[in-house]
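Trainee: Sharing a structure, written as structure tokens. Questions coming.
Protein chains: 2
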Amino acid sequence: MAAPPTRFDDFILSVRQTVTDFDMIRPKDRVLVGVSGGSDSMALVQCLLRLTQEMAFGIGIAHLNHGLRPDDAQRDQAFVKSFSEKHRIEYHTQTADTHAYAAREKRSIEEAGRILRHDFLESVSQTHSYSKIALGHHRDDNAEQVLMNLLRGAGITGLSGIPPIREHGIIRPLIRQSKSDIRSFLDRIDQPFMEDASNQDTRFLRNKIRLQLIPLLRDAYNPEICNTLNRLSDVVRQEDEWANTLTEQIFESLDNLKVEPDQIRFGASPFIKLHDAVKRRIIRHAILKIKRNLKRITLAHVEDVIALAAGGVGGKSLDLPDRIRIFIDKGCLCFKKESVPLRQLNRK
Amino acid sequence: MAAPPTRFDDFILSVRQTVTDFDMIRPKDRVLVGVSGGSDSMALVQCLLRLTQEMAFGIGIAHLNHGLRPDDAQRDQAFVKSFSEKHRIEYHTQTADTHAYAAREKRSIEEAGRILRHDFLESVSQTHSYSKIALGHHRDDNAEQVLMNLLRGAGITGLSGIPPIREHGIIRPLIRQSKSDIRSFLDRIDQPFMEDASNQDTRFLRNKIRLQLIPLLRDAYNPEICNTLNRLSDVVRQEDEWANTLTEQIFESLDNLKVEPDQIRFGASPFIKLHDAVKRRIIRHAILKIKRNLKRITLAHVEDVIALAAGGVGGKSLDLPDRIRIFIDKGCLCFKKESVPLRQLNRK
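Those sequence lines, one after another, are chains R and X.
Take any residue in the first sequence, note its place counting from 1, add 384, and you have its number in this note's numbering.
Take any residue in the second sequence, note its place counting from 1, add 384, and you have its number in this note's numbering.
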């Protein structure tokens with residue numbers, strides 16, 4: 385006999401709508417939920433837990449102890465563990481040394497934490513055959529991200545904010561909920577959560593934006609600033625998505641196109657006749673294909689490649705981050721991922 | 385005998401480059417320069433004056449007395465007139481009653497001033513056969529505009545900032561110069577200018593952004609904030625331009641497309657299968673064609689039209705600002721500019 389229809393809280397209904405709209409979870413998915421113990425991830429796991437039966441998926445919890453502020457970290461870890469036990473949810477945990485990693489890789493603590501968390505989730509997901517990773521980012525996070533990218537100098541993609549779904553099965557079911565929606569939901573279901581003291585530390589850029597800049601913009605310029613930034617990111621994301629589809633089509637039809645795993649080439653002179661916006665997108669697309677990501681590739685690099693293509697002089701070349709070399713060969717613009725560091729190549 | 389080659393100041397060379405890059409002025413053009421008497425417009429007119437011979441165009445000066453703060457206004461008007469006489473430049477002036485206009489049209493003083501100035505320049509340009517209108521907007525104005533549009537809730541087009549050239553022959557040769565470039569140029573050539581007291585009035589949103597928000601962002605977040613915003617607006621403008629070209633092509637190939645001066649229709653069901661970003665752009669394009677501008681058309685209006693098209697129920701209709709009515713008729717989405725106000729239509 386089928387279970388009687390469950391009557392959900394409005395918050396859960398709204399999250400379920402987001403999950404459906406973006407096709408985030410399918411029946412039989414195994415969803416690994418990243419849970420810090422803070423309000424966002426506790427709301428996320430409570431919400432998904434209530435949807436498991438109706439939407440026919442399973443969940444597990446992953447908690448990374450960052451090894452920062454030991455007392456708090458122990459407390460958070462114990463809290464998440466006991467929550468998992470109480471609700472009989474698969475539980476995965478690990479302790480990292482964020483300080484050591486940051487020092488070794490020359491990263492900020494903020495960034496090191498993000499990378500370690502991501503690597504941990506990926507590794508648990510692979511080892512334990514999860515099909516999705518769910519994270520607790522919400523509307524206010526998205527507004528902050530758009531503003532942060534804008535201030536740092538982002539292009540179109542930066543303004544599209546936090547993607548609701550991403551390659552490698554990362555999903556963000558709370559992306560349309562606000563922080564205050566999340567707090568009231570936790571209140572209603574009487575779910576406690578841990579406060580993260582580092583969220584108040586304005587030495588971190590993101591905190592400074594959340595605690596100082598957004599309140600200032602809200603009070604002095606636009607009371608609806610978070611909605612405004614969220615709407616902008618929606619529009620920009622859809623425009624970007626459309627432009628990416630078109631770019632792929634244009635890329636595939638480039639003259640003398642040759643694509644190999646570590647090398648891409650196409651005719652330089654028809655390329656330089658394309659619209660500047662298209663040139664930029666084609667270059668980013670080609671680099672993405674051989675480099676697998678666009679980290680450390682700036683707008684200035686892209687402009688340099690356009691200049692190289694326009695000059696069209698054989699022998700001239702550009703060295704980009706992560707062993708990417710770009711050069712002109714027999715009238716073609718070539719993108720190559722070198723197998724040895726470019727420093728050594730140059731020394732030959 | 386040809387005149388000896390003129391050696392220009394770096395500032396003038398840079399402005400000449402902007403004029404060339406955007407094809408702003410052609411030989412035999414008659415350029416009407418909007419001159420308030422402030423630093424930007426004085427630098428603009430001095431710069432263009434020096435380029436008239438080499439680039440073979442003529443210039444005239446237009447000064448609108450806004451009728452605000454009478455003493456200052458008289459002083460500015462006399463200053464611009466005497467400049468015109470000294471350099472033997474055609475001079476056009478008029479006095480407006482900005483307060484009365486603002487009250488009558490229910491506009492802010494800022495906006496009323498902008499409309500009156502624009503109408504005055506257009507009318508002088510037509511009466512005296514000018515082919516271009518040059519305005520003194522610069523990089524810092526563009527950065528402010530991008531930020532202002534962002535805070536107000538702009539889409540892609542708002543983020544592209546102040547267009548260097550616009551329909552009706554409006555050109556902005558200083559758009560790549562900074563305020564400090566402009567001040568040093570005026571210093572070097574020893575050209576005085578009038579200070580506009582209203583530029584310090586932070587009741588005006590633009591002034592508040594210039595005097596408070598930009599300095600705060602520069603000090604606490606990004607010392608290069610103006611460059612960052614200018615670069616963003618360049619990239620967004622080119623993306624927008626490309627997307628507009630594509631939109632026109634897609635529009636022309638719409639099923640059952642019928643275009644009349646006051647009415648546009650096309651098949652609703654193939655339309656709703658397009659990418660959301662394309663739907664938005666097609667709707668804006670159709671409204672622009674019959675309304676001649678997109679003033680007062682918001683993102684919410686565009687979303688309503690998409691919903692109307694998706695519902696596809698005959699008889700349902702939407703009323704948009706400026707007598708624009710949108711409805712479904714025989715499976716077509718129809719855009720119509722009504723000749724009588726929609727209020728009267730509805731009363732029938």
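By construction, the Cβ of each residue, glycine as well, lies at the ideal position given by its N, Cα and C atoms.
#1: Give me the residue from Gln461/R, His447/R, Phe392/R with the minimum Cα distance to Leu433/R.
#2: Which one of Lys720/X, Gln401/X, Ala693/X, Ile493/X has the shortest CA to CA distance from Asp585/X?
#3: List, in chain order, every chain R residue whose beta-carbon is nearer than 9 Å to that of His371/X.
#4: Enumerate, from N- to C-terminal direction, the unbroken alpha helix (DSSP H) stretches of 4 or more residues contained entirely within the region 390 to 445 of chain R.
#5: Going by the DSSP bridge assignment, what does Ser701/X pair with across the sheet?
#6: Are the beta-carbon atoms of Ser505/X and Leu416/X separated by less than 8 Å?
#7: At a CB distance below 8 Å, what residues from the region 529 to 543 of chain X approach chain R? Give them in sequence order.
#8: Mapping DSSP to helix, strand and coil, what is Phe463/X?
#9: Enumerated in chain order, which unbroken segments of the beta strand (DSSP E) with a length of 3 residues or greater are wholly contained in the region 604 to 673 of chain R?
#10: In the DSSP assignment, what residue or residues form a beta bridge with Phe569/X?
#11: For Ile342/R, which option in Arg488/R, Glu495/R, His512/R has the closest C-alpha, if you only look at C-alpha atoms?
#12: So for Gln529/X, helix, strand or coil by DSSP?
#13: Buried or exposed: Leu438/X, going by 16 or more other Cβ atoms within 10 Å of its Cβ?
#14: Under 6 Å Cβ to Cβ from Val399/X, same chain only, skipping five residues before and after it: list those, please.
#15: With H, G and I counted as helix, E and B as strand and the rest as coil, what does DSSP make of Lys563/X?
#16: Inspect the beta-carbon positions of Thr448/X and Arg501/X and report whether they are closer than 8 Å.
#17: For the beta strand (DSSP E) holding Lys592/R, just list the boundary residues, first then last.
#18: According to DSSP, is His685/R helix, strand or coil?
#19: What residues from chain X crowd round Leu570/R, counting only those whose CB sits closer than 8 Å?
#20: Taking C-beta to C-beta, are Ile566/X and Asp706/X nearer than 8 Å?
#21: If the cut-off is 9 Å on Cβ atoms, which residues from the region 583 to 602 of chain X count as contacting chain R, listed in chain order?
#22: Identify, in the order they occur along the chain, each residue of the same chain with its Cβ nearer than 8 Å to the Cβ of Lys732/X, setting aside the five sequence neighbours on each side.
#23: For Pro576/X, which residues from the same chain have a beta carbon less than 7 Å from its beta carbon, with the 5 sequence-adjacent residues on both sides left out?
#24: For Leu678/R, go through chain X and note every residue whose CB falls closer than 7 Å to its CB, in chain order.
#25: At 7 Å on the CB atoms, spell out the chain X contacts of Leu500/R, in chain order.
#26: Any residues in the region 625 to 650 of chain X with a beta carbon nearer than 8 Å to a beta carbon of chain R? Which ones, in chain order?
#27: Taking Cβ positions only, does Gln622/R come closer than 8 Å to chain X?
#28: Applying a beta-carbon distance threshold of less than 8 Å, which residues of chain X neighbour Leu672/R?
#29: Reducing DSSP to helix, strand and coil, say where Asn449/R ends up.
#30: With three or more C-beta pairs closer than 8 Å as the rule, is the region 613 to 626 of chain X touching the region 654 to 674 of chain R?
#31: Fully enclosed by the region 472 to 551 of chain X, which alpha helix (DSSP H) runs are 4 residues long or longer?
#32: May I have the straight-line CA-CA distance separating Pro548/X from Val643/R, to the nearest angstrom?
#33: Between Pro607/R and chain X, is there a C-beta pair that is closer than 8 Å?
#34: Within this structure, are the beta carbons of Gly520/X and Leu683/X separated by less than 8 Å?
#35: Check the DSSP bridge columns for Ile554/R and list the partner residues they point to.
#36: Quick one: using the 10 Å Cβ neighbour count with 16 as the cut-off for buried, is Gln458/X buried or exposed?
Mentor: A quick look at the data gives this:
#1: Phe392/R
#2: Ile493/X
#3: Any property of residue 371/X remains undetermined from this structure, which presents chain X solely from 385 to 732.
#4: With a minimum length of 4 residues, the continuous alpha helix (DSSP H) runs that stay inside the region 390 to 445 of chain R are 394 to 405, 423 to 439.
#5: Phe711/X
#6: Just to set this straight, residue 505/X is Leu in the shown sequence, not Ser. Yes, Cβ-Cβ distance for Leu505/X and Leu416/X is below 8 Å.
#7: Flagged, chain order: Leu534, Leu535, Arg536, Gly537, Ala538, Gly539, Ile540, Leu543.
#8: Phe463/X carries a helical assignment under DSSP once its states are collapsed to helix, strand and coil.
#9: 642 to 644, 647 to 651
#10: DSSP output for Phe569/X lists no bridge partner at all.
#11: Residue 342/R lies beyond the range of chain R shown here (385 to 732); nothing can be said about it.
#12: helix
#13: Sequence inspection shows Glu at residue 438/X; the Leu mentioned does not correspond to that position. Per the 10 Å Cβ criterion, exposed.
#14: Cys431, Pro557
#15: Lys563/X falls in the helix class under three-state DSSP.
#16: As written in the sequence, residue 448/X is Leu, which differs from the Thr given in the question. Cβ atoms of Leu448/X and Arg501/X: closer than 8 Å.
#17: Not the beta strand (DSSP E): Lys592/R falls in the alpha helix (DSSP H), residues 589 to 592.
#18: helix
#19: Per Cβ cutoff of 8 Å: no residues; Leu570/R is ~30 Å from chain X at best.
#20: Not closer than 8 Å, so no.
#21: Leu589, Lys592, Ile593, Gln596, Leu597, Leu600, Leu601
#22: Residue confidence is low: Lys732/X scores 44 on pLDDT, short of 50, so the model does not pin down where it sits. No coordinate-derived value is stated.
#23: none
#24: None at all; the shortest Cβ gap to chain X is about 15 Å.
#25: The CB of Leu500/R never comes closer than 7 Å to any CB in chain X; the least such distance is about 26 Å.
#26: Glu625, Trp626, Ala627, Thr629, Leu630
#27: The beta-carbon of Gln622/R is placed less than 8 Å from the nearest beta-carbon of chain X.
#28: Here the premise fails: no neighbours, minimum Cβ distance about 17 Å.
#29: strand
#30: yes
#31: 482 to 489, 493 to 511, 523 to 536, 540 to 543
#32: 39 Å
#33: no
#34: no
#35: Ile517/R, Arg550/R
#36: It is exposed - the Cβ of Gln458/X has fewer than 16 other Cβ atoms within 10 Å.
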